[in-house]
Amino acid sequence: MCGIAGFFYKNGGSSVPLGTQLTSMASVLGSRGLDGTGMALYGELPDGHMALRIHLESNRFNEKSESDLAISEITSKLEKLVSIDNTEYTGNILRIELKEIEQNKDIEFMSKVTSIVEQSGTELFSIGNSMEIIKDIGPAVELEDYKVAEFQGSHGLTHTRLATESRVDICYSHPFWARPFPDIAVVHNGQLTNHNKLRRSLQRRGYEFSTTNDSEVIAVFIADQLLNGLTLEQSLNESIEQLDGTFTYLISTTDGIGFAKDRFSTKPLIVAENKSFVAMASEEVALHSMISEDTHLYEPTARAVQTWHR
Numbered sequence: 366m367c368g369i370a371g372f373f374y375k376n377g378g379s380s381v382p383l384g385t386q387l388t389s390m391a392s393v394l395g396s397r398g399l400d401g402t403g404m405a406l407y408g409e410l411p412d413g414h415m416a417l418r419i420h421l422e423s424n425r426f427n428e429k430s431e432s433d434l435a436i437s438e439i440t441s442k443l444e445k446l447v448s449i450d451n452t453e454y455t456g457n458i459l460r461i462e463l464k465e466i467e468q469n470k471d472i473e474f475m476s477k478v479t480s481i482v483e484q485s486g487t488e489l490f491s492i493g494n495s496m497e498i499i500k501d502i503g504p505a506v507e508l509e510d511y512k513v514a515e516f517q518g519s520h521g522l523t524h525t526r527l528a529t530e531s532r533v534d535i536c537y538s539h540p541f542w543a544r545p546f547p548d549i550a551v552v553h554n555g556q557l558t559n560h561n562k563l564r565r566s567l568q569r570r571g572y573e574f575s576t577t578n579d580s581e582v583i584a585v586f587i588a589d590q591l592l593n594g595l596t597l598e599q600s601l602n603e604s605i606e607q608l609d610g611t612f613t614y615l616i617s618t619t620d621g622i623g624f625a626k627d628r629f630s631t632k633p634l635i636v637a638e639n640k641s642f643v644a645m646a647s648e649e650v651a652l653h654s655m656i657s658e659d660t661h662l663y664e665p666t667a668r669a670v671q672t673w674h675r
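Numbering of the sequence shown is given in my numbering, commencing with residue 366 and proceeding in unit increments.
This is how it looks when you write it as structure tokens:
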């Protein structure tokens with residue numbers, strides 16, 4: 366019953382901020398779930414920069430002195446590995462912008478950054494050259510403190526959660542980052558029945574997970590397929606063969622966005638497309654504010670896969 370939505374500017378941007386588009390869709394889709402709302406936002410950072418979004422659990426870091434100490438520990442450890450441009454702490458989410466990152470930094474480097482951040486008892490929500498994940502418990506209005514509606518960017522995902530198989534917790538809210546791969550995120554509506562088997566298989570190959578949520582498995586599975594040389598479209602088609610259960614999910618990468626639906630089309634998705642943008646949502650009503658006469662509206666069928674790239 367969760368609500369999922371995605372938005373992709375074909376030309377990279379518009380006078381209407383990306384965050385405004387996603388906030389509008391998330392607000393409408395709140396009727397499908399109020400246990401959590403999140404967004405994966407893709408913008409522009411200077412060359413050689415990466416952004417980290419880190420969650421400091423309120424129950425553990427409820428005093429300012431405790432959060433200040435955790436932030437100090439994280440930044441001091443990171444500075445032994447990389448240079449830090451700036452930090453910002455809003456709500457329970459710390460944003461750290463790294464600089465002077467070499468282009469050839471590999472997955473091992475991303476894993477080191479993740480390990481350093483999470484040694485302090487915090488959780489890394491995302492790492493990316495362009496992607497930042499922001500999420501919280503409750504409806505879309507809870508994201509106002511993070512000024513997501515003002516975010517200027519090219520594309521992104523949003524999700525409104527109705528918790529079914531896992532607890533109501535900010536860390537279990539979507540989107541899920543495909544750790545340790547930068548700039549890949551997933552939002553999912555449905556329930557996988559073989560996620561434990563897939564998770565164990567990926568863990569045996571060295572991958573780590575921050576939750577037991579089935580949707581996180583999709584993110585890492587797709588990232589692994591991309592690492593092995595498949596295109597995004599090929600990876601989505603492979604997921605239809607490998608994932609059991611019900612699902613419609615959206616995925617975003619540095620320069621693309623896409624969707625995949627299960628073999629029975631059990632979970633809804635409506636797509637709106639014109640020459641300027643592509644928008645997708647669980648319900649057509651979430652797209653009404655952006656539909657014009659030149660917009661093609663359609664509902665993908667079972668086993669449908671589609672991608673868009675810049």
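Cβ atoms here follow ideal geometry from the backbone N, Cα and C, with glycine treated the same way.
The alpha helix (DSSP H) enclosing Glu438, as first and last residue numbers: Position 73 of the sequence shown, counting from 1, holds the residue named residue 438. 429 to 443 is the span of the alpha helix (DSSP H), which, as asked, contains Glu438.
Give the straight-line distance between the Cα atoms of Glu676 and Lys464, rounded to the nearest whole angstrom. Because the chain here runs from 366 to 675, residue 676 falls outside it and cannot be looked at.
Which two residues bound the contiguous beta strand (DSSP E) that contains Phe624? Position 259 of the sequence shown, counted from the first residue, corresponds to residue 624. 621 to 626 is the extent of the beta strand (DSSP E) around Phe624.
So within the stretch 526 to 585, which uninterrupted alpha helix (DSSP H) runs reach at least 4 residues, ignoring any that extend past its ends? Taking 4 residues as the shortest admissible run, the stretch 526 to 585 contains the following complete alpha helix (DSSP H) segments, listed from N- to C-terminal end: 560 to 569.
In angstroms with no decimal places, state the Cα-to-Cα distance between Gly594 and Leu615. One-based indexing of the sequence shown puts residue 594 at position 229. One-based indexing of the sequence shown puts residue 615 at position 250. Computed Cα separation, rounded: 20 Å.
Secondary structure of Ala514, DSSP reduced to three states: For the purposes of this step, residue 514 is identified with residue 149 of the sequence shown, where counting begins at 1. Residue state for Ala514 is assigned as helix, using DSSP reduced to three classes.
Can you give me the C-alpha to C-alpha distance between His661 and Arg570, rounded to a whole angstrom? Stepping through the sequence shown from its first residue, residue 661 is reached at position 296. Stepping through the sequence shown from its first residue, residue 570 is reached at position 205. So the two alpha carbons sit approximately 42 Å from each other.
What is the DSSP secondary structure of Gly493, reduced to helix, strand or coil? Working through the sequence shown from its first residue, we reach residue 493 at position 128. Reduced to three states, the DSSP call for Gly493 is strand.
Tell me, which residues are paired with Gln671 by DSSP? Within the sequence shown, the letter at position 306 stands for residue 671. DSSP output for Gln671 lists Phe624 as bridge partner(s).
Touching by the beta-carbon criterion (3+ pairs, under 8 Å), the stretch 560 to 568 and the stretch 630 to 648: No, the stretch 560 to 568 is not in contact with the stretch 630 to 648.
Going by the DSSP bridge assignment, what does Ser448 pair with across the sheet? Walking along the sequence shown from the start, residue 448 turns up at place 83. Note: Ser448 sits in a beta bridge opposite Lys464.
Would Ser306 and Gly621 be called neighbours here (beta carbons separated by less than 8 Å)? Residue 306 lies beyond the stretch modelled for the chain, which goes from 366 to 675, so this question has no answer here.
So for Ser389, helix, strand or coil by DSSP? Start at 1 with the first residue of the sequence shown, and residue 389 comes out as number 24. Helix.
Since Ile466 contacts Gly413 with CB under 8 Å, what's their CB separation in whole angstroms? Here residue 466 corresponds to residue number 101 of the sequence shown, with the count starting at 1. Here residue 413 corresponds to residue number 48 of the sequence shown, with the count starting at 1. In this structure Ile466 is in contact with Gly413, their Cβ atoms being roughly 5 Å apart against a cut-off of 8 Å.
What does a CB cutoff of less than 7 Å around Thr611 pick up in its chain, not counting 5 residues either side in sequence? Along the sequence shown, one-based indexing puts residue 611 at 246. Only Gly555, Gln556, Asp627, Thr631, Lys632 meet the Cβ criterion.
Is the stretch 538 to 547 in contact with the stretch 431 to 441, if contact means three or more CB pairs nearer than 8 Å? Between the stretch 538 to 547 and the stretch 431 to 441 there are fewer than three inter-stretch CB-CB distances shorter than 8 Å, so the stretches are not counted as touching.
Apart from the five residues on each side of it in sequence, which residues of its chain come closer than 7 Å, Cβ to Cβ, to Thr529? Residue numbering aside, residue 529 sits at position 164 when the sequence shown is read from its first letter. Cβ neighbours of Thr529 within its own chain (closer than 7 Å, five residues either side excluded): Gln556.
Quick check on the DSSP output: the alpha helix (DSSP H) that includes Ser604 runs from which residue to which? Residue numbering aside, residue 604 sits at position 239 when the sequence shown is read from its first letter. Counting along the chain, the alpha helix (DSSP H) containing Ser604 begins and ends at 597 to 607.
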